[in-house]
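Asker: Take a look at the following structure, please.
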Amino acid sequence: MKKMIKKVIAPVLVITVLFTVLRPFCIQDGKCNYFLLLLLMGIPFGIGKMCVWMVPRGFDLGGTLAVWTMNFLIGGLIGSVVLLAMIGQAIIYLSVFLLTVITGIHKIPRIK
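Residue numbers (this note's numbering): 4 to 115.
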């Protein structure tokens, strides 16, 4: 049950909360821009996975903001891949779990 919580329930809950919080920011002309939504949802997952941060040194305010924006964009791109991988892992784990439960129920001897 701990694996089920760690691999399926927690990621799906985090993704659902991020979706509900960030979706209003991605509405353009009455339609949702899903690429922007995926990019924004990937930032919390990708920032921790980035190996190299570009540190702004010797820039003015505009250059510093540009470097930080680039850091967040790269983190969002990495995080969107991680996010999609987490969704795939949750689907695979849930399908294996359900298949195990179904085959286990099928193998229970019937009482006559």
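All residues carry an ideal CB built from backbone N, CA and C; glycine is no exception.
Quick caveat, the model's predicted, so the values are computed rather than measured.
Decide if SER98 is buried, meaning its Cβ has at least 16 other Cβ atoms within 10 Å, or exposed.
Answerer: exposed
Asker: Assuming ILE81 contacts GLY49 (C-beta within less than 8 Å), just tell me the rounded distance between them.
Answerer: 4 Å
Asker: Do the CB positions of GLY66 and ILE46 come within less than 8 Å of each other?
Answerer: no
Asker: Which residue spans inside the segment 20-108 form an unbroken alpha helix (DSSP H) run of at least 4?
Answerer: List check, alpha helix (DSSP H) in window: 37-49.
Asker: Quick check: the segment 51-67 against the segment 7-22, are at least 3 beta-carbon pairs closer than 8 Å?
Answerer: no
Asker: For ALA88, which of LEU101, LYS10, MET4, LYS6 has the nearest alpha-carbon?
Answerer: Distance check between ALA88 and each of LEU101, LYS10, MET4, LYS6 places LYS10 closest, using alpha-carbon atoms only.
Asker: What does the alpha-carbon distance come out to for the pair PHE75 and HIS109?
Answerer: Cα-Cα distance, rounded: 50 Å.
Asker: Taking the CB atoms as reference points, tell me whether LEU42 and PHE28 lie closer together than 8 Å.
Answerer: no
Asker: Find out if the Cβ-Cβ distance for the pair VAL85, LYS52 is shorter than 8 Å.
Answerer: yes
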